[in-house]
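Input: a single structure, listed below in structure tokens.
Protein chains in written order, with my numbering: chain A, -12 to 273; chain B, 73 to 442.
Have a look at this one:
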């Protein structure tokens, strides 16, 4: 007996399609963080353009697949992904040069909520590689600058040498309409900036507590303390969004790995309103 | 409502076979009743029953010739619809460095399942919601699921670890089948009451030499349906979902973890567990590779792999994830419990951890005062 409405859908959602690395950018001296600008190979019909906050599954032939957030979207159909070499697949990706073909499927998951009433302040709080998923938000906000009130970017890195997108950070620092705040865990002799946790940048305020959208991405403990700091500044929990990381394998809710309580991070996230995740932050090993 | 003779089940298997179905049913192997190809009545465990208790399973000969006088064994129909191993894609390297992706060869003969219990029909409905009810549908599952012919059996003698009555999934097969059978056997009579649940089922029933059930025969079947629920060896509290949603920090999980071997037996025998992982299987020359999906289990540390290590490192956290997902968060995700009350996880747990006992213990002592 057949179930109701069994339709066989095409495989696009599960099958990696060939995209070519157009250029590679290496940000830190250790080569640990690298960015690819990817374009589809001839014959590939890309799906919807990804929205900031969404992710793609990147695939290396003969090696495997990893979920990676979108770190920029080019005007001509290219997608930029910023990757940290930390596992077997990402280490195998580390030394690839421009011209190499990799696999891509997506985009998947939820996006940052950028369609907001005009005039809201925008506070972005990034930790480490967590700057990458927020980067397309900064690009979009600067492109649509008049739609937002103050734009505050708080970025915490391990050390000055671990900071990524230095050229863009420098450019944002030059602008009058962006309030860029940077801190590092460990300074160097030459470092003149802040040292300490990123939440202290939030504690400085400088945004309207009644009319701010706050987006944060980084290690879970950092996002949790960031949300608390934002709440202390008077933000309502529902004005805060977090981007969660779990072991996403299939990206479509089949494989079961990325569950946080009732949520599949791949399907219901990775971007969640903070009140949805807040209970989960309080349970160890959920 | 119609009556067919026990021998008609043999006819049914042969007719389905003749119609081009690969017929799968219960059969006795290695001291257990498993699901495999059956060619006729001689392949069914006629005259056998199973004894089940936590961590305990034994076959025993009956003193009659009942066709379906046992309950469910270590296999479930999941192994056909969502196979333990499946090649999703084959990829071939191209001269220009690109690659071509082709679907994996999908092993999807038209299958007929014989002897599905009500809990198993419910389990398939649960997996339908996972693989067919989300934004993306699983292509292989859809293909295998679409052409099924499903012959259900209403359980007359639920086993020691059964609790489908308390999950409201059985023991009577009520829907989702093509044909449903209820076996009546005693010293004086042996017949099956047959009900069709689809056009295909009605057409097949007509070929089995059916006759209308007499009042007495119908009453005998109704007695089976009425008495079976009382023979369940286990019971799940009706408020299991609420109990578990309040029990994330309950000390019970630490206690259970002292017994749990995190062997993943419970998830492998569970007819609804759907976790899987995809492995890359390249050839030696690096020119061809396959994406192979295999069953996974939330009891494996790798299941929650993150850069810093497994997110659910402790066995307690993994047990809590499994039971809470099964009985509580599954409702949020798929609009149904993930448990159908088949009792397999209790029987096949090597240390006899009992899902109904765990919920009952937490319920009795919600604050965990001991």
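For glycine and all other residues, C-beta sits at the position ideal for the given N, C-alpha and C.
Only a predicted model underlies this, so the values are computations on that prediction, with no experimental measurement involved.
Around residue 73 of chain A, the beta-carbon contacts reaching into chain B at under 8 Å are 379. Looking from the CA of residue 199 of chain A, the closest CA among A/220, A/21, A/15 and A/177 belongs to A/220. Across the segment 335 to 356 of chain B, CB contacts with chain A closer than 7 Å involve 346, 347, 348, 349, 350, 352 and 354, in sequence order along the chain.
Closer than 8 Å to the CB of residue 384 of chain B there is at least one CB belonging to chain A. In the structure shown, residue 105 of chain B adopts extended strand secondary structure according to DSSP, grouped into three states.
For chain B, the residues of the segment 188 to 219 of chain A that bring a beta carbon within less than 9 Å of one of its beta carbons are 206, in chain order. Every beta strand (DSSP E) of 3 residues or more that sits fully in the segment 33 to 81 of chain A is shown, in chain order, as 42 to 47, 51 to 60 and 66 to 71. According to DSSP, residue 21 of chain A shares a beta bridge with A/13 and A/70. For the segment 18 to 50 of chain A, the residues whose beta carbon sits under 8 Å from a beta carbon of chain B are, in order, 28, 48, 49 and 50. With contacts defined by Cβ atoms closer than 8 Å, residue 70 of chain A and residue 43 of chain A do not form a contacting pair. Under the Cβ criterion of 8 Å, residue 54 of chain A is not counted among the residues facing chain B. Residue nearest to residue 372 of chain B within the set B/340, B/409 and B/145 is B/340 (criterion: CA-CA distance).
As DSSP reads the structure, residue 28 of chain A sits in no beta bridge. In summary, no residue of the segment 98 to 125 of chain A has a CB separated from any CB of chain B by less than 9 Å. At least one CB of chain B lies nearer than 8 Å to the CB of residue 4 of chain A. Look at residue 9 of chain A: its C-beta is not under 8 Å from any C-beta on chain B.
The three-state secondary structure of residue 366 of chain B, taken from DSSP, is strand. By the CB criterion at 8 Å, residue 378 of chain B and residue 76 of chain B fall outside the cutoff. For the segment 164 to 178 of chain B, the beta-carbon criterion of a distance under 7 Å to any beta-carbon of chain A is satisfied by 165, 169, 170, 171, 173 and 175. Neighbours of residue 311 of chain B in chain A, taken as residues whose beta carbon is under 8 Å from its own, are absent, since the nearest beta carbon is some 17 Å off. Distance from the CA atom of residue 62 of chain A to the CA atom of residue 3 of chain A, rounded to whole angstroms, is 23 Å. Chain A places no beta carbon closer than 8 Å to that of residue 278 of chain B, leaving this residue out of the contacts. Classified as buried, residue 265 of chain B has 16 or more neighbouring CB atoms from the shown chains inside 10 Å of its CB. Residue state for residue 352 of chain B is assigned as strand, using DSSP reduced to three classes. For residue 242 of chain A, the C-beta contacts it makes with chain B under 9 Å involve 346, 347, 348, 349, 350, 365 and 368, in order along the chain. DSSP places residue 157 of chain B within a strand segment (E or B) once states are collapsed to three. Contact check for residue 250 of chain B and residue 223 of chain B: beta-carbon distance about 7 Å, within the 8 Å limit, so the pair qualifies.
Distances from the alpha-carbon of residue 232 of chain B to those of B/389, B/415 and B/431 put B/415 closest.
At a cut-off of 8 Å between beta carbons, residue 236 of chain A contacts chain B. Ranked by Cα distance from residue 370 of chain B, the first of B/382, B/117, B/126 and B/156 is B/382. Spatial neighbours of residue 267 of chain B in its own chain (CB-CB distance under 7 Å, excluding positions within 5 residues in sequence) are listed in chain order as 73 and 252.
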